[in-house]
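S.K.:
Residue numbers (the working numbering): 85 to 370.
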């Protein structure tokens with residue numbers, strides 16, 4: 085799930101309240117390129133009896149395309165991870181400014197400084213295209229965030245700016261250095277199955293089998309792929325906030341992302357992730 089520390093619509097406290105009302109007992113916030121919300125989420129969750137697992141979604145780049153990597157059960161104070169995230173957030177700011185410049189050249193003006201300042205007001209928070217998409221909506225240039233992406237911000241659209249950043253392998257190493265487990269995020273959306281086998285050879289721990297944008301067929305395919313490669317399984321709703329936009333053809337859309345508990349990870353899969361993290365942390369202990 086995501087909070088206002090990255091591109092989510094709910095604050096950490098609001099997110100925990102929603103999770104509690106849905107009866108969830110274990111959650112993980114995986115904000116983009118930041119761990120800024122973990123402490124606040126943990127503090128809010130404790131009196132409600134909700135366990136919080138450290139999480140993050142880090143954007144890596146392969147052949148000019150985004151490849152999102154999930155990290156779980158890591159030490160958020162890791163110096164290696166912190167250094168990588170500082171670099172990631174700086175690249176995000178540069179990209180937002182360049183996208184805003186392209187929009188301006190198309191006579192679609194948004195206040196990039198305000199978007200960046202809003203993120204900067206929350207220490208360690210990150211900024212990206214979703215915040216620009218919402219700015220486009222507020223400015224009256226588009227009717228919805230989805231339309232902003234479809235017409236202007238998505239890959240190949242007029243204001244799209246390719247991202248630069250670390251390779252998937254570098255991100256996996258940083259997660260491992262922090263004692264965590266690394267999972268390949270929403271492969272049914274990323275459509276880079278060619279990367280899975282070599283990344284598993286490189287140390288990738290898991291594949292995100294359960295995801296709101298995955299069809300039943302996707303779940304079966306990636307569960308079988310995990311079995312084939314002896315990989316672990318992760319899963320999550322990828323909640324960003326209320327979003328009833330339709331999906332792409334053949335995809336379930338974003339409605340499930342707004343429903344707590346609709347997408348869950350089986351307990352035995354979580355236990356396997358925890359066991360892998362314990363082994364890694366034990367191996368790193370002096």
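Every residue, glycine too, gets a C-beta built ideally from N, C-alpha and C.
#1: Looking at the structure shown, is residue 170 part of a helix, part of a strand, or coil, going by DSSP?
#2: From what residue to what residue does the beta strand (DSSP E) around residue 270 run?
#3: Which one or two residues does DSSP pair with residue 111 in a beta bridge?
#4: Residue 145 bridges to which residues according to DSSP?
#5: On a CA-only basis, which of 273, 153 and 322 is nearest residue 145? Give me that one, please.
#6: Mind checking whether residue 237 and residue 213 have CB atoms under 8 Å apart?
#7: Based on DSSP bridge pairs, tell me the residues matched to residue 155.
#8: Since residue 125 contacts residue 136 with CB under 8 Å, what's their CB separation in whole angstroms?
#9: For residue 336 and residue 300, what's the separation of their Cα atoms in angstroms?
#10: How many Å lie between residue 232 and residue 303 at the Cα?
#11: Just the Cα atoms here: how many angstroms apart are residue 338 and residue 347?
#12: Rounded to whole angstroms, what is the Cα-Cα separation between residue 195 and residue 132?
#13: What is the rounded straight-line gap between the Cα of residue 294 and the Cα of residue 167?
#14: Secondary structure at residue 291, three-state DSSP: helix, strand or coil?
#15: Give me the residue from 96, 97, 107 and 89 with the minimum Cα distance to residue 343.
#16: Specify the secondary structure class of residue 319 as computed by DSSP and reduced to three states.
#17: Output the boundary residues of the alpha helix (DSSP H) element that contains residue 129.
#18: Alpha carbon to alpha carbon, what distance is there between residue 282 and residue 271?
#19: Going by DSSP, which residues form a beta bridge with residue 116?
#20: List the endpoints of the continuous alpha helix (DSSP H) containing residue 304.
#21: Reducing DSSP to helix, strand and coil, say where residue 100 ends up.
#22: Around the Cβ of residue 158, are there at least 16 other Cβ atoms within 10 angstroms (buried) or fewer (exposed)?
M.R.: Result, derived from the coordinates:
#1: helix
#2: Residue 270 -> no beta strand (DSSP E), and no H or E assigned at all.
#3: 136
#4: 150
#5: 153
#6: yes
#7: 140 and 266
#8: 5 Å
#9: Note that residue 336 scores 48 on pLDDT, short of 50, meaning its location in the model is unreliable; the coordinates nonetheless yield the value given after this. Using only the alpha carbons, I get a separation of about 10 Å.
#10: 29 Å
#11: For residue 338, the pLDDT reaches just 49, beneath the cut-off of 50, and the residue's location in the model is therefore unreliable, leaving the point undetermined.
#12: 39 Å
#13: 30 Å
#14: strand
#15: 107
#16: strand
#17: 122–129
#18: 14 Å
#19: 141
#20: 300–312
#21: helix
#22: buried
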